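Asker:
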Amino acid sequence: MANVVVVGAQWGDEGKGKIVDWLSVSADVIVRFQGGHNAGHTLVIGGKVFKLALLPSGIVRPGKLSVIGNGVVLDPYHLAGEIESLRAQGIEVSAANLKIAENVPLILSFYRDLDAHREAGIEGVGTTKRGIGPAYEDKVGRRAIRLMDLADPDSLDGKIARLLAHHTPLWRGMGLTPPDAAAIRKELLEIAPKVLPYMAPTFDLLDRERRAGKRILFEGAQGALLDVDHGTYPYVTSSNTVAANAATGSGLGPRAIGYVLGIAKAYTTRVGGGPFPTELDDEIGARIGRIGKEFGTNTGRPRRCGWFDAALTRQTVKTSGIDGVALTKLDVLDGFDEIKVCTHYLLDGERIDYMPANPSAQARLKPVYETMPGWRDATGGARSWAHLPAQAIKYVRRIEELIGAPVALLSTSPERDDTILVHDPFQD
-16 MANVVVVGAQ WGDEGKGKIV DWLSVSADVI VRFQGGHNAG HTLVIGGKVF KLALLPSGIV
44 RPGKLSVIGN GVVLDPYHLA GEIESLRAQG IEVSAANLKI AENVPLILSF YRDLDAHREA
104 GIEGVGTTKR GIGPAYEDKV GRRAIRLMDL ADPDSLDGKI ARLLAHHTPL WRGMGLTPPD
164 AAAIRKELLE IAPKVLPYMA PTFDLLDRER RAGKRILFEG AQGALLDVDH GTYPYVTSSN
224 TVAANAATGS GLGPRAIGYV LGIAKAYTTR VGGGPFPTEL DDEIGARIGR IGKEFGTNTG
284 RPRRCGWFDA ALTRQTVKTS GIDGVALTKL DVLDGFDEIK VCTHYLLDGE RIDYMPANPS
344 AQARLKPVYE TMPGWRDATG GARSWAHLPA QAIKYVRRIE ELIGAPVALL STSPERDDTI
404 LVHDPFQD
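Sequential numbering from -16 applies to the sequence shown in our numbering.
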């Protein structure tokens, strides 16, 4: 049985929540390995909607162990609020089914202020202003407050002093009032009792689960094109979103990964700034957004919409080692007379089959499209190939050819059961 990593194959918002929930039925352990509460997952189960931002999607399934790995940055106040919201919906969340890495860095409240200040200036790249970037900066700078620190109050003063040795001159240089050490300490001690019960050496726990033959599902946030190394820098998130980080961000070695499933929409969307070669700034793009309900789960921000970009998805197939793809939201394209797919680009008149790293070159890319006939019959709710229009099947097959990876799953609505299984990732 293969342990499975689920990654977004575009710029995020591909529908990972539903796919992870669908796969979690076959999994024993679901691990969130990077990101923060800046990426929302919407699950629809039996007509009931669950909106998650930080907790692994498996938390809504009884009998599953959910783990927040060390690669995540954790806002403890948001976590406590999300747990209470789920409990109000009848979902059990306890130390028995949720474990958090003891070395996970914390998002402090003043990070949000710093994030918002930067976004308002020339450093703005379209973040959610939730303090994710500053938290990762302090982690790499070796000054982060981590979950384990809450269990050792006597050490907090020294760690806060180390933190503020960086932030005090930084904030003064920006003309802002620096964070207050006493306020930070009070904030941490107040939230500690609500989050410490979930703390564990999760690397060891996951190793035991793996050795016992348990199926592990690794869940990322955002998409591979927002990876800090392999994405459209600087319009990226602050962590590695590619599949390889499932090993680093969970504490399990790379041999624990057996199958990488990339999630891609049947078209392309993006939130925030940055290049988007196939963006449709017209009625077609607006139509896709309306039908697809393309608004951020957490922020409500409208998403930019465009045709499927096979060149970009082909690139993420390579950078994440994607074995198969879950293609989502095929039903959004129902009723179009024709559908376009970007096969490659022109850069200053020369063909190029990938997005270059240079931002000025990215701005000069011209998408080259292949046009395919659309279909009139509805695909929404289809649960087998036999229920799909012939032209929709041709579209899916053409995408497989262009991206160099097979479609393992096909999603035809937000409902978890409206899914066509081609092959089971856990069996590969």
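By construction, the Cβ of each residue, glycine as well, lies at the ideal position given by its N, Cα and C atoms.
Source: prediction; values computed, not measured.
Is Ser396 helix, strand or coil when you go by DSSP?
Answerer: coil
Asker: Which same chain residues end up closer than 6 Å to Lys112 when comparing Cβ atoms and leaving out the 5 residues on each side of it in sequence?
Answerer: Asp98, Ala99 and Glu102
Asker: Should Gly307 go down as buried or exposed, given a rule of 16 or more other Cβ atoms within 10 Å for buried?
Answerer: Per the 10 Å Cβ criterion, buried.
Asker: How close, in whole Å, do the beta carbons of Ala10 and Gly41 come, if the pair is a contact with beta carbons under 8 Å?
Answerer: 7 Å
Asker: Tell me whether Pro152 is buried or exposed, calling it buried when 16 or more other Cβ atoms sit within 10 Å of its Cβ.
Answerer: exposed
Asker: By Cβ distance, which residues of its chain are closer than 6 Å to Gly255, with the 5 residues on each side in sequence left out?
Answerer: Gly109
Asker: Rounded C-beta distance between Ala375 and Thr362? I'm assuming under 8 Å.
Answerer: Sure, about 5 Å apart at Cβ, within 8 Å.
Asker: Which same chain residues, not among the five before or five after Glu262, have their C-beta less than 6 Å away from its C-beta?
Answerer: Arg287 and Gly289
Asker: Ends of the beta strand (DSSP E) at Phe33?
Answerer: Lys31 to Leu35
Asker: Counting only runs that start and end within the segment 63 to 143, where is the beta strand (DSSP E) found for 3 or more residues in a row?
Answerer: 81 to 84
Asker: Comparing C-alpha positions only, which one of Lys177, Thr326 and Gly206 sits nearest to Lys349?
Answerer: Thr326
Asker: Rounded to the nearest angstrom, what separates Asp331 and Val12 at their Cα positions?
Answerer: 49 Å
Asker: Does Ile335 come out as helix, strand or coil in the three-state DSSP assignment?
Answerer: strand
Asker: Beta-carbon separation of Thr311 and Gly18 under 7 Å?
Answerer: no
Asker: How about Ala309 and Leu392: are their beta carbons less than 7 Å apart?
Answerer: Yes, Cβ-Cβ distance for Ala309 and Leu392 is below 7 Å.
Asker: Give the C-beta separation of Ala249 and Phe291 to the nearest angstrom, bearing in mind that I take them to be a contact with Cβ-Cβ under 8 Å.
Answerer: 6 Å
Asker: Please list the terminal residues of the continuous beta strand (DSSP E) segment that includes Ile246.
Answerer: Tyr242 to Lys248
Asker: How close, in whole Å, do the beta carbons of Gly387 and Thr224 come, if the pair is a contact with beta carbons under 8 Å?
Answerer: Actually they are not in contact, since the Cβ atoms of Gly387 and Thr224 sit about 20 Å apart, beyond 8 Å.
Asker: Pick from Trp(-6), Lys31 and Leu81: whose alpha carbon is nearest that of Val211?
Answerer: The residue with the shortest Cα to Cα distance from Val211 is Trp(-6).
Asker: If we call anything under 7 Å between Cβ atoms a contact, is Glu85 one with Leu130?
Answerer: yes
Asker: Closest by CA to Asp58, which one among Lys47, Ile128 and Leu26?
Answerer: Ile128
Asker: With burial defined as no fewer than 16 other Cβ atoms inside 10 Å of the residue's Cβ, what is the status of Leu89: buried or exposed?
Answerer: buried
Asker: Give me the residue from Asp265, Gly304 and Asp314 with the minimum Cα distance to Lys276.
Answerer: Asp314
Asker: Check each candidate in Val32, Leu69 and Gly46 and name the one with the smallest Cα separation from Ala38.
Answerer: Before going on, a small fix: residue 38 reads as Leu here, not Ala. Minimum Cα distance to Leu38 is reached at Leu69.
Asker: Does Asn341 pass the burial test, meaning 16 or more other C-beta atoms within 10 Å, or should it be called exposed?
Answerer: exposed
Asker: For the beta strand (DSSP E) holding Thr25, just list the boundary residues, first then last.
Answerer: His24 to Ile28
Asker: Nearest by alpha-carbon distance to Ile105: which of Met157, Gly318, Ile274 and Thr402 is it?
Answerer: Met157
Asker: Can you tell which of Ala204, Ser396, Ile143 and Glu321 has the C-alpha that lies nearest to the C-alpha of Gly52?
Answerer: Answer by Cα proximity: Ala204.
Asker: Taking 7 Å as the cut-off, decide whether the C-beta atoms of Leu26 and Asp(-4) are in contact.
Answerer: no
Asker: What does DSSP give as the partner residues of Met355 in its beta bridges?
Answerer: Per DSSP, Ile322.
Asker: Just list the residues that DSSP pairs Pro350 with in beta bridges.
Answerer: Tyr328
Asker: Do Ala230 and Val243 come within 7 Å of each other at the CB atom, strictly closer than that value?
Answerer: no
Asker: Throw me the rounded Cβ distance for the Leu235 and Phe186 pair, which I believe falls under 8 Å.
Answerer: So it is a contact: roughly 7 Å between Cβ atoms.
Asker: Would the beta-carbon of Ser221 fall within 7 Å of that of Gly116?
Answerer: yes
Asker: Quick one: give me the first and last residue of the alpha helix (DSSP H) that Ala309 is part of.
Answerer: Here Ala309 belongs to no alpha helix (DSSP H); instead the beta strand (DSSP E) covers Gly307 to Thr311.
Asker: With DSSP run on the structure shown, which of helix, strand or coil describes Gly289?
Answerer: strand
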